[in-house]
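A.B. asks: Below you'll find the structure I mean.
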Amino acid sequence: MNKPFFISTAIPYVNDKPHVGHALEYVQADCIARYHRMLGKNVFFLSGTDDNALKNVLKAEEAGKDVRAYIDEHADMFKRLLSTLSISVDDFIRTSADERHRRGAQKLWSSFKPEDIYKKEYRGLYCVGCEEFKTGKDLVNGECPEHPGKKLEEVSEENYFFALSNYQKPLEQLIEWNKLAIIPESRKNEILAFIREGLTDISISRSHARG
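The structure is reproduced here in structure tokens:
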């Protein structure tokens, strides 16, 4: 059979120690990977860490530690957790320490069309916990629903943006025609509804001052 099957965990921020939620995700992903190997598929199971985040920097400063040393220390904790749980990952990649990630990012950038990327000044409310800007429709009582009680920062900065809005119709068609399969059907309908509300361009850079 030897049909390829790819699965990846999320790449957690390394601003703190891993917790039971990370362990649960690793075990769930491992079950799926092992099941598909039993079916004879050529499985590639990937995990790793997101080292490039403002929250990582803030936590290191709060702990009074060198940022790089703090990130290395916590990234190693996630790697050890995988080993402790006997998770059958095929690879583990870090977004700052691995040259492979840099090469992959460069390949991605070089594949963009000139009109895909543009620079503009952006002002908005930024959630450090989510590492993203929030719009009014994202908020509940003026707060991020994922991080209630934490004040949003009002940020103004010049960033590069990816023109995701240019790809709204092509993405919609790929999903409608099942060329991009989403299972189960209920999730497919949710994604289509989200796309049809209108896709907004996304920031793909952050200022040097904010990590």
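Here the sequence shown is numbered in my numbering, starting from 60 and rising by one per residue. Even for Gly, the Cβ is constructed at its ideal location relative to N, Cα and C. Just so it is clear, the structure is predicted and the values come from calculations on it, not from any experiment.
What is the C-beta distance between serine 273 and arginine 182, in whole angstroms, given that I count them as a contact (C-beta under 8 Å)?
C.D. replies: The chain is shown only over 60 to 270; residue 273 falls outside these bounds and no answer can be derived.
A.B. asks: Over what stretch of residues does the beta strand (DSSP E) that includes asparagine 101 continue unbroken?
C.D. replies: For this step, residue 101 is matched to residue 42 along the sequence shown. Run containing asparagine 101: 101-108, per the beta strand (DSSP E) assignment.
A.B. asks: What separation, rounded to the nearest whole angstrom, lies between the Cα atoms of leucine 105 and histidine 81?
C.D. replies: Locating residue 105 in the sequence shown gives position 46, counting from the first residue. Locating residue 81 in the sequence shown gives position 22, counting from the first residue. Rounded to whole angstroms, leucine 105 to histidine 81 spans 14 Å at the Cα level.
A.B. asks: Here's a check: name, in chain order, each residue in its chain whose Cβ is nearer than 7 Å to the Cβ of tyrosine 72, leaving out the five neighbours to either side.
C.D. replies: Translated into the one-based positions of the sequence shown, residue 72 becomes position 13. So the list reads Asp109, Ala112, Lys114 and Asn115, once near-sequence residues are dropped.
A.B. asks: Short of 6 Å in beta carbon distance, which residues of its chain neighbour serine 262, apart from the five on each side in sequence? Order them along the chain.
C.D. replies: Stepping through the sequence shown from its first residue, residue 262 is reached at position 203. Only Asn218 and Phe220 meet the Cβ criterion.
A.B. asks: Is it buried or exposed, alanine 119, if we count other Cβ atoms within 10 angstroms and call 16 or more buried?
C.D. replies: Locating residue 119 in the sequence shown gives position 60, counting from the first residue. When all chains shown are included, alanine 119 counts as buried.
A.B. asks: When DSSP labels each residue in this structure, what does leucine 184 get in the three-state scheme?
C.D. replies: Residue 184 sits at position 125 when you count from the first residue of the sequence shown. Strand, per DSSP.
A.B. asks: Curious, which full-length beta strand (DSSP E) runs of at least 3 residues does the region 147-180 contain?
C.D. replies: As far as the region 147-180 is concerned, its whole beta strand (DSSP E) runs of at least 3 residues are 150-153.
A.B. asks: Name the DSSP bridge partner or partners of glutamate 212?
C.D. replies: Position 153 of the sequence shown holds residue 212. BP columns for glutamate 212 point to Tyr185.
A.B. asks: Going by alpha carbons, who is nearest to lysine 247 out of Gly257, Leu258, Glu235 and Glu256?
C.D. replies: To locate residue 247, count along the sequence shown from 1; it is residue 188. Checking every option, the nearest Cα to that of lysine 247 belongs to Glu235.
A.B. asks: Who pairs with phenylalanine 192 in a beta bridge, going by DSSP?
C.D. replies: As a working note, residue 192 is residue 133 in the sequence shown. Its beta-bridge partners are Tyr185.
A.B. asks: Closest to glycine 188 by C-alpha separation, out of Leu98, Phe137, Glu202 and Val102, would be which residue?
C.D. replies: Within the sequence shown, residue 188 is the residue found at index 129, counting from 1. It is Glu202 whose Cα lies nearest to the Cα of glycine 188.
A.B. asks: Quick check on aspartate 89 - is its C-beta less than 9 Å from some C-beta in chain B?
C.D. replies: The structure shown contains no chain B; it is built from a single protein chain.
A.B. asks: Taking the C-alpha atoms as reference points, what is the distance between tyrosine 94 and proline 243?
C.D. replies: Looking up residue 94 in the sequence shown gives position 35. Looking up residue 243 in the sequence shown gives position 184. In a straight line, the C-alpha of tyrosine 94 is about 18 Å away from that of proline 243.
A.B. asks: From what residue to what residue does the beta strand (DSSP E) around isoleucine 70 run?
C.D. replies: Numbered from its first residue, the sequence shown carries residue 70 at position 11. That residue, isoleucine 70, is in no beta strand (DSSP E); it is neither H nor E in DSSP.
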